[in-house]
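Visitor: Residue numbers (the numbering used here): 271 to 628.
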Ligand SMILES: *Cc1c(COP(=O)(O)O)cnc(C)c1O
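1) When you compare each of 392, 425, 440 to residue 415 by their alpha carbons, which one comes out closest?
2) The beta strand (DSSP E) spanning residue 234 covers which residue range?
3) Rounded to whole angstroms, what is the Cα-Cα separation between residue 554 and residue 573?
4) Using a Cβ-based criterion (distance less than 6 Å to any ligand heavy atom), does residue 598 qualify as near ligand 1?
5) Any chance you could list the residues with Cβ under 5 Å from a heavy atom of ligand 1, keeping chain order?
6) The beta strand (DSSP E) spanning residue 493 covers which residue range?
7) Can you give the beta carbon distance from residue 303 to residue 485, rounded, assuming they're within the 8 Å contact cut?
8) Beta-carbon within less than 6 Å of residue 566's beta-carbon, same chain only, minus the 5 sequence neighbours each way: which residues are those?
9) Exposed or buried, what is residue 308 when buried is set at 16 or more other beta-carbons lying within 10 Å of its beta-carbon?
10) I need the straight-line Cα distance from residue 372 to residue 365, nearest angstrom please.
11) Using a 10 Å radius around the Cβ and a threshold of 16 neighbouring Cβ atoms, would you call residue 341 buried or exposed?
12) Out of 433, 464, 411, point me to the one whose CA is closest to residue 446's CA.
13) Can you name the residues that DSSP bridges to residue 375?
14) Since I believe residue 483 is in contact with residue 532 (beta carbons under 8 Å), could you give me their beta-carbon distance rounded to a whole number of angstroms?
15) Just to confirm my understanding: we take residue 385, look at its own chain, exclude 5 residues before and 5 after, and list those with CB closer than 7 Å. What are they?
16) Return the chain-ordered ranges of every alpha helix (DSSP H) run that is complete within the stretch 480-548 and spans a minimum of 4 residues.
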C-alpha cells in the first residue's frame with residue numbers, strides 16, 4: 271500500500287479470482303467457464319475487417335446488441351443494460367441502488383464479489399444464513415427494507431429457488447430493488463426476467479461468460495424496467511462510456527444470432543453434469559442438486575483442501591473455499607465428458623488412498 275491510497279480503501283479486501291494459469295497444463299474445472307469454444311459465427315465475426323476498425327470507438331449505446339438481446343428475452347432494448355461482464359453490472363447496481371442508510375442483504379454463502387462491492391462502496395451489508403442444508407428460504411428476504419441480492423441459482427451451492435418466491439420478495443418491498451444474479455440460469459434454473467414487466471424494482475443480471483462460452487470477451491447484461499436501466503446508464507456514462515469494446519460487441523451479436531449452438535452445448539453440459547453427479551455419488555460423495563454448470567461436493571473424511579490439492583497434483587484444477595461452513599466442499603466446473611472421466615478417476619484414486627490410510 272502506498273501512502274497515497276485514500277484511507278477509505280485501507281481495509282478493503284479485494285476479490286480473489288480463481289487461478290488462471292495461462293498454459294494448458296491443467297484440466298481447468300475451477301472457474302465455471304464453458305469447455306466448448308464460441309460458435310463458428312462468433313469466430314467468423316471477429317474478422318480482419320472487424321479488427322481493422324479498432325481505430326474507431328465502439329457504439330457506446332451498443333444498440334444492435336441490445337436489440338438482439340431484447341428480442342431473445344421478449345423485452346424492449348430500453349430494458350437492457352450492457353456491461354463489461356456481469357460483474358460490472360453488479361458493481362454499478364450496488365453503486366446505484368444502495369447507500370449508507372440503506373444497506374444490502376444477501377446470503378452468507380454466495381458469490382464472493384457481493385461483500386467486496388458492499389465494502390468498496392461503503393454500503394452496510396447483512397448476511398442471512400442459508401439453511402442447515404444450504405438451501406435458501408426466500409421468506410428470509412421479505413420486507414427487509416434493504417436492497418436484496420440473490421444469485422439464482424446460487425454459487426457455489428448450485429441450488430436454485432422458484433421464481434414464485436422471488437415474486438413474493440418483490441411484492442413485500444416495492445420500494446427496494448431486488449437484484450437477481452442469473453449467471454447460471456441457462457443450466458436449469460427458472461428466470462425472473464418475465465417479471466420485469468410487472469415489477470419496477472426487479473433487476474436481473476446475466477452473462478455471456480458461462481453458457482455462451484465468452485468469459486474472455488467480458489460481456490454481461492442487466493434486464494429491468496427502463497428507469498432502473500437509465501440509472502445504470504447514468505453510472506456508466508460517468509465511469510466509462512465505451513465499456514464494451516468493439517470486438518466483444520460484434521462477438522455478442524453473433525452469439526445471440528447463433529443461440530441454438532449454445533443451447534445445444536447447455537444440454538450437453540447438463541447431461542455430463544448429471545452423469546458425473548451419479549458417478550461421484552457412487553463413490554460415496556454428497557453432491558448437491560445442481561442447476562448450474564458446476565457441482566458442489568464433499569465426502570466425509572476428506573477436507574476440501576485435500577481434495578483440491580490431490581486433484582491439482584493430478585493435473586486438475588477445482589475451486590476450494592477456505593471459509594466457514596464450506597471448508598469440506600470443492601466446486602467442480604462441468605467440462606467435457608472426457609475431462610469429467612479423468613476427474614472421476616482422479617477423485618476415486620484420492621478417496622481410495624485416504625481409505626487405505628484411515
Ligand atoms: C461468473 C459469475 C458472475 C460474473 O460473471 P462475468 O464474467 O463478470 O459476467 C456473476 N455472478 C456469479 C454468481 C458468477 O458465478
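Ideal Cβ positions, reconstructed from N, Cα and C, are used throughout, including at glycine.
Guide: Looking at the atomic coordinates:
1) Residue mapping note: residue 415 aligns to position 145 of the chain shown, counting from 1. The alpha carbon of residue 415 has as its nearest neighbour, out of 392, 425, 440, the alpha carbon of 440.
2) Beyond the ends of the chain as shown, which are 271 and 628, falls residue 234; an answer cannot be given.
3) Against the chain shown, residue 554 aligns to sequence position 284. Against the chain shown, residue 573 aligns to sequence position 303. Between residue 554 and residue 573, the C-alpha separation is close to 14 Å.
4) For the purposes of this step, residue 598 is identified with residue 328 of the chain shown, where counting begins at 1. False, no ligand heavy atom lies under 6 Å from that Cβ.
5) Counting only heavy atoms of ligand 1, the residues whose C-beta sits closer than 5 Å to one of them are, along the chain, 355, 356, 357, 381, 421, 425, 451, 453, 477, 479, 490.
6) Along the chain shown, one-based indexing puts residue 493 at 223. Start and end: 490-494.
7) For the purposes of this step, residue 303 is taken as the residue at position 33 of the chain shown. For the purposes of this step, residue 485 is taken as the residue at position 215 of the chain shown. Their Cβ separation, rounded to whole angstroms, is 5 Å, which keeps residue 303 and residue 485 in contact under 8 Å.
8) As a position in the chain shown, residue 566 is number 296, starting the count at 1. Excluding residues within five positions, the ones whose Cβ falls inside 6 Å are 426, 427, 428, 558, 599, 601.
9) The sequence position of residue 308 within the chain shown is 38, counting from 1. Residue 308 is buried by the Cβ-count criterion.
10) Sequence index remark: in the chain shown, residue 372 carries index 102 (1-based). Sequence index remark: in the chain shown, residue 365 carries index 95 (1-based). For residue 372 and residue 365, the distance between alpha carbons rounds to 12 Å.
11) To locate residue 341, count along the chain shown from 1; it is residue 71. In summary, residue 341 is exposed, with fewer than 16 beta-carbon neighbours lying within 10 Å of its beta-carbon over all protein chains present.
12) Locating residue 446 in the chain shown gives position 176, where the first residue counts as 1. Nearest to residue 446 by C-alpha distance, out of 433, 464, 411, is 411.
13) Counting from one through the chain shown, the residue named residue 375 turns up at place 105. 396, 418.
14) Here residue 532 corresponds to residue number 262 of the chain shown, with the count starting at 1. Here residue 483 corresponds to residue number 213 of the chain shown, with the count starting at 1. Indeed, because the Cβ distance is near 7 Å, the residues count as touching under 8 Å.
15) For this step, residue 385 is matched to residue 115 along the chain shown. Excluding its 5 nearest sequence neighbours in each direction, residue 385 has C-beta neighbours in its own chain below 7 Å: 395, listed in chain order.
16) Runs of the alpha helix (DSSP H) inside the stretch 480-548: 496-507, 516-527.
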